[in-house]
């Protein structure tokens, strides 16, 4: 009886069949489209399956907790922190829920939107916290529906802090987390993975430690999939708790919550909020150094590392959950010292995947958005189906327009003043624009001594791969071939290559050389003459802001420019030059001149007019050298063009 | 008015829109499956479009006429003639219709079945002749429906010879070819391309040459797409006819029918049938040499070549239609001397495509049927959809069972006595079977002095490509690794490579090394030990006749073993090792031991029992070396296996 009501802590075989029927794999199964080679099981598993697989393989993991930011700027920063910390390979992140902060709203600082961004735009497996106390059933159902719609698949079900001083049960209301767990299972069946909180010292409001254990068992038996604990200060606290849980029949994963002490005040505040007591031996160390932040942080890291080691060495712990307080340094250091931070994360595909369930079959994208994956995801968010196997025919769904440049996850990380320093307080002509591009490529400071670390088309410094082309890129940018995207040709490097590799090991990756740039009509005229000589070796698309389009592509077929050959697999071709989507990208690429650059300057100012002139008159060009086994001929094309111009 | 009723001889723009709405492209358009890269426009065009494109490009073409054979054996021979003459690149072939021979039936010698075989199994664009005189509307509609169902897209609409001596018009019947043309257009809209006959000297029964021209115009204006003429002996006859046609407004293609004189008697018979007169200058040459077949044929070739040259040089003729009389030599020689026989036909894909409209999107097949494409087509004839882009998921339609080994297009070209000479009148043990395999590989005669030019799994001598592996294959076959399929690894050879190339020029083709063989359980045991060492470098599938299956493939995904990279295209991967279809192939491969080999011998005879023993006890093995850029390791695997056995 008891075992029947318990949810996922059961044998893996029954859970596996669960997953087949409910995990969202319906999208690929029901579809008559061709199936996608399974390159990365991770993308197709739900969180509890990933956890189980890691446990079975003995592969230790970690997860990271964040709270929603207070301001829009802080949101921008948090998202880039997600990207950086995501690179270390957390199994999931979670985003806390604060009823006072309108957590289910569409505000860029809401829990819902931050979690949405983490899943969809940063590709992170994400748990959204949700509290139920003092909320109506409709409100909660509404939040859950919204979360599902946004692609969230995991909920941490919490009671939340009661509003008043003296809290009283409401009849038929949500009084405890277990009510929320039951509600989720009733209303959403097995759609969500559910996490609940465990208290290694017992919940401060519980009648007793034993009573609290029983509450936890109730939550698990009501349908929770795993437990994350409140922070604690000694490993033996957790290990005792874990044994006590097992003793009363809680067999699902219980993940210890780790809090690396990062400062005197934050510790005091947290301890106060969670009604915990700091052990005397810790107080003894901290009190004398309470004004020395660095010393405290170092101690905190030491302490966390040794506690985590004890936990992992116990054999009872497979994953560690970190309370980051939205900070990077301490947690990252602990993880690195534990050796579970991925120093060289393997890329499953050449681009950053999204974790939305409907995108798990996505395996091909146009190369144009290579540096703007979030914008690509945004513009395709309404698609029901994702090109799988191949780009699909040209009548595929249209791209959404990109008018929302203000959206925090599409905005530059750098503030206006910094952009002006990089891109020029005052432009004197097209040449000053050439200089900005050139400095971005070389990494040298501009004439005012500022390094150019981002461009309107690329918010990050040059990719390692692009560095392979640095010298040639510098040369052409100086002369007004303003490059915004490029890749070298690759003729079968191992898929484990640290720079150009992707996908599982044992494979080989290939690329056709690609170059994309803005340039003047004068250069385009010369370029077209030169390109005649190369015939079909070089495919080109040349378009201006009005959409006048010149190409030698024989039809509207995409050109595969990145592909990989793996053992026992069909060919994977994740990146294409697609003539149809190029025209959608063109709108975005031209608009970025205005939205990100021209608008830094006063209207009618000479600087603004220079950018406006480029926007109105330049062409956007892309070139593919189809002869990938030979030396990249695109630089010869450039040289020939300059020679013709001389 | 007149122009409105005329069908396709109008400007190409209007015809193009015709084609979009009716040419069968609906199958790919309505489907939600991903589209296929257009590698070969030919496969997607209807005949009249191909003709127009050839005319526009100035690329001269030819076509070949055959009549249905009298016997089943002759049918087998005709089909291999189709394969050989198809290699020369005819734009189409046509199959004549003889009311007395039950032409619409399912007999293997019927016009319908021969045309069906040409389209579906030989991949030839085919015109089926059809006569209407003395037939009911229902009969004719029935024939047309059947033709459509079989994938035939072109009809030559003829009156046919009246049954009685004195022919009279039937009221409301089919009295002339024009009635059939109208009927086809009424009942089948634009589905078929329609051809009609033209008589350069006027139809013998017409009131006059001019009256006959008017009849032709009627046929064209009723919806015919092009005209093929009766044979003639002087180029000026045709050129005058052509000008006369144009003068009265017939603007569609008119294709001259060429009859290379091949013998005295066949000439006399044909001339009698068609009520033509042989010009005196020809008679003067032929009469004195009428008993010298070779001399007449040489003269016929000379004559045909010089007449064809005059026609082509006139600038009015773009294609030549040959009355082959089901013979190969004379026509092939004329075509070679004219330089329009394709000496080195480019393979659009590594396997022989079918011309059935529903298969025009087909672009991937399992490697197993590489030497038995007709059987593959037969076993998948009921499929509605063809794997396009990728093999598709494993729940794809099941293969039809192959029980019809007797079907003439699946049968060996060699009669029983020849097979016995090649494969042994009497087998003395498994070793005599090893010897047969070895002789097939080496091309050396067997111990009775007979060359082994075919095997149950391969009706043709070893492919040029397999020759690359000859030495190693010989070695392993001698020791009981009985190979039936193999390909070398290829790391980016030009797509124009004469041996391994395929697809349009400017591309690169790749292969993973593949080896498929039958072998004893003793060797399998050793092999499995050896394979452990190679881990995922080598994927294997090992199965016996009962279906016991051993594999290291991680799941049911296909492994791409042949692929090509082309300018401006997505990756094409036409050949895969698919674990699911391997089990269907297994049934066929094992059955061939019995059907083709064991059954040559008496029941209970020792020879038969040897083959039966192999069938019952051997394993079918396939191996793929995934590391295509390195040296093929499969020979090392074989060596290691033999070493382990020693």
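Chains as they are written, first to last, in this note's numbering: chain A, 39 to 684; chain B, 39 to 684.
Backbone N, C-alpha and C fix where the C-beta goes; we use that ideal spot for every residue, glycine too.
**Asked** Pairing CB atoms from the region 514 to 527 of chain A with CB atoms from the region 469 to 477 of chain A, are three or more of them under 8 Å?
**Response** The answer is yes - the region 469 to 477 of chain A touches the region 514 to 527 of chain A, with three or more Cβ pairs under 8 Å.
**Prompt:** Got a sec? Which residues, its chain only, sit under 8 Å from residue 438(B) by beta carbon, not counting five neighbours each side?
**Reply:** If the five residues before and after residue 438(B) are omitted, its C-beta is found closer than 8 Å to the C-beta atoms of 416, 417, 418, 419, 420, all from its own chain and listed in chain order.
**Request:** Starting from the beta carbon of residue 100(B), find every residue of chain A whose beta carbon is closer than 8 Å, and list them in chain order.
**Result:** Chain A residues near residue 100(B): none, gap ~27 Å exceeds 8 Å.
**Prompt:** How would you write the range of the beta strand (DSSP E) that residue 544(A) sits in, first residue to last?
**Reply:** From DSSP, residue 544(A) is part of no beta strand (DSSP E); its letter is neither H nor E.
**Item:** Minimum Cβ-Cβ distance from residue 408(A) to chain B less than 8 Å
**Value:** No, residue 408(A) does not count as interfacial toward chain B.
**Message:** Rounded to the nearest angstrom, what separates residue 334(A) and residue 271(A) at their Cα positions?
**Reply:** Whole-angstrom Cα-Cα distance: 15 Å.
**Message:** Could you tell me the alpha carbon to alpha carbon distance between residue 683(A) and residue 616(A), rounded to whole angstroms?
**Reply:** In a straight line, the C-alpha of residue 683(A) is about 30 Å away from that of residue 616(A).
**Request:** Please classify residue 326(B): does DSSP put it in a helix, a strand, or coil?
**Result:** DSSP places residue 326(B) within a helical segment (H, G or I) once states are collapsed to three.
**Message:** So that I know if they touch, is there some Cβ in chain A lying closer than 8 Å to that of residue 575(B)?
**Reply:** It does; some Cβ of chain A falls within 8 Å.
**Prompt:** If you follow the beta strand (DSSP E) that residue 673(A) is part of, which residue opens it and which one closes it?
**Reply:** For residue 673(A), there is no enclosing beta strand (DSSP E); the enclosing alpha helix (DSSP H) has its first and last residue at 672 to 683.
**Request:** Answer yes or no: the CB of residue 225(A) versus the heavy atoms of the ligand SAH, is any distance below 7 Å?
**Result:** Among the components of this structure there are no ligands whatsoever, and the ligand SAH is therefore not found.
**Prompt:** Cβ of residue 68(A) less than 8 Å from any chain B Cβ?
**Reply:** Only weak support is given to the placement of residue 68(A): the predicted model assigns it a pLDDT of 30, under 50, and the value that follows is read from those uncertain coordinates. Taking 8 Å as the CB threshold, residue 68(A) stays off the interface with chain B.
**Prompt:** Got a sec? Which residues, its chain only, sit under 6 Å from residue 588(A) by beta carbon, not counting five neighbours each side?
**Reply:** Closer than 6 Å at Cβ, skipping near neighbours: 580.
**Request:** Output the distance between the C-alpha atoms of residue 576(B) and residue 567(B), rounded to the nearest integer angstrom.
**Result:** Using only the alpha carbons, I get a separation of about 13 Å.
**Prompt:** How do the region 347 to 354 of chain B and the region 320 to 329 of chain B stand: do at least 3 beta-carbon pairs fall below 8 Å, yes or no?
**Reply:** The region 347 to 354 of chain B is not in contact with the region 320 to 329 of chain B.
**Prompt:** Of the choices 547(B), 301(B), 362(B), 112(B), whose alpha-carbon is the least far from that of residue 605(B)?
**Reply:** Residue 547(B) is the option with its Cα nearest to residue 605(B).
**Request:** Take the Cβ of residue 679(A) as the centre, count every other Cβ of all protein chains shown within 10 Å, and call the residue buried at 16 or more, exposed below.
**Result:** It is buried - the Cβ of residue 679(A) has at least 16 other Cβ atoms within 10 Å.
**Delimiting residues of the beta strand (DSSP E) encompassing residue 233(B)** = If you look at residue 233(B), you'll find it in the beta strand (DSSP E) that goes 231 to 236.
**Prompt:** What span of residues does the alpha helix (DSSP H) with residue 649(B) cover, start to end?
**Reply:** Per DSSP, residue 649(B) belongs to the alpha helix (DSSP H) from 644 to 655.
**Asked** Is the region 361 to 380 of chain A touching the region 98 to 110 of chain A in the sense that three or more CB pairs, one from each, lie closer than 8 Å?
**Response** Judged by Cβ distances under 8 Å, the region 98 to 110 of chain A makes contact with the region 361 to 380 of chain A, as three or more pairs qualify.
**Asked** What residues match up with residue 403(B) in a beta bridge as DSSP calls it?
**Response** DSSP output for residue 403(B) lists 613(B) as bridge partner(s).
**Prompt:** residue 69(A) to residue 590(B), Cα distance in whole Å?
**Reply:** Confidence at residue 69(A) is low in this model, with a pLDDT of 30, below 50, so its placement is unreliable and the value that follows should be read with caution. Rounded to the nearest angstrom, the two C-alpha atoms are 29 Å apart.
**Request:** Could you pull out every unbroken beta strand (DSSP E) segment of at least 3 residues lying fully inside the region 490 to 572 of chain A, listed in chain order?
**Result:** With a minimum length of 3 residues, the continuous beta strand (DSSP E) runs that stay inside the region 490 to 572 of chain A are 520 to 525, 528 to 532, 546 to 549, 551 to 557.
**Supposed contact pair residue 185(A) and residue 193(A) - C-beta distance, whole angstroms, cut 8 Å** = Correct: roughly 7 Å between the Cβ atoms.
**Prompt:** If we count Cβ pairs, one from each stretch, closer than 8 Å, do we get three or more for the region 483 to 498 of chain A versus the region 627 to 637 of chain A?
**Reply:** Contact annotation: the region 483 to 498 of chain A touches the region 627 to 637 of chain A, with at least three C-beta pairs closer than 8 Å.
**Prompt:** Going by beta carbon distance, what residues of the same chain come within less than 6 Å of residue 354(B), once the five residues before and after it are set aside?
**Reply:** So the qualifying residues of the chain are 280.
**Request:** Whole angstroms is fine: what's the gap from residue 447(B)'s alpha carbon to residue 310(B)'s?
**Result:** As the crow flies, the alpha-carbon of residue 447(B) is around 34 Å from that of residue 310(B).
**Prompt:** Roughly how many angstroms lie between the CA atoms of residue 156(A) and residue 162(A), to the nearest whole one?
**Reply:** In this structure, the CA atom of residue 156(A) is about 6 Å from the CA atom of residue 162(A).
**Request:** Give me the Cα-Cα distance between residue 380(B) and residue 461(B), rounded to the nearest whole angstrom.
**Result:** Cα to Cα, residue 380(B) sits roughly 35 Å from residue 461(B).
**Asked** Shorter than 8 Å from the beta carbon of residue 421(B) to some beta carbon of chain A?
**Response** Chain A, which has no Cβ nearer than 8 Å to the Cβ of residue 421(B), makes this no.
**Message:** Taking the alpha helix (DSSP H) that residue 87(A) belongs to, which residues open and close that run?
**Reply:** Membership of residue 87(A) in the alpha helix (DSSP H) is indicated by the continuous run 85 to 95.
**Prompt:** Is there a Cβ from chain A that is less than 8 Å from the Cβ of residue 578(B)?
**Reply:** Cβ-Cβ to chain A under 8 Å: no for residue 578(B).
**Message:** Short of 8 Å Cβ to Cβ, which residues in the region 503 to 536 of chain B face chain A?
**Reply:** Residues 529, 530.
**Prompt:** For residue 572(B), which residues from the same chain have a beta carbon less than 8 Å from its beta carbon, with the 5 sequence-adjacent residues on both sides left out?
**Reply:** Excluding its 5 nearest sequence neighbours in each direction, residue 572(B) has C-beta neighbours in its own chain below 8 Å: 671, 675, listed in chain order.
**Request:** State the Cα-Cα distance for the pair residue 228(A) and residue 187(A), rounded to the nearest angstrom.
**Result:** CA-to-CA, the gap between residue 228(A) and residue 187(A) works out to about 15 Å.
**Prompt:** What residues in the region 534 to 554 of chain B have a beta carbon less than 7 Å from any beta carbon of chain A?
**Reply:** From the region 534 to 554 of chain B, only 544, 546 have a Cβ closer than 7 Å to chain A.
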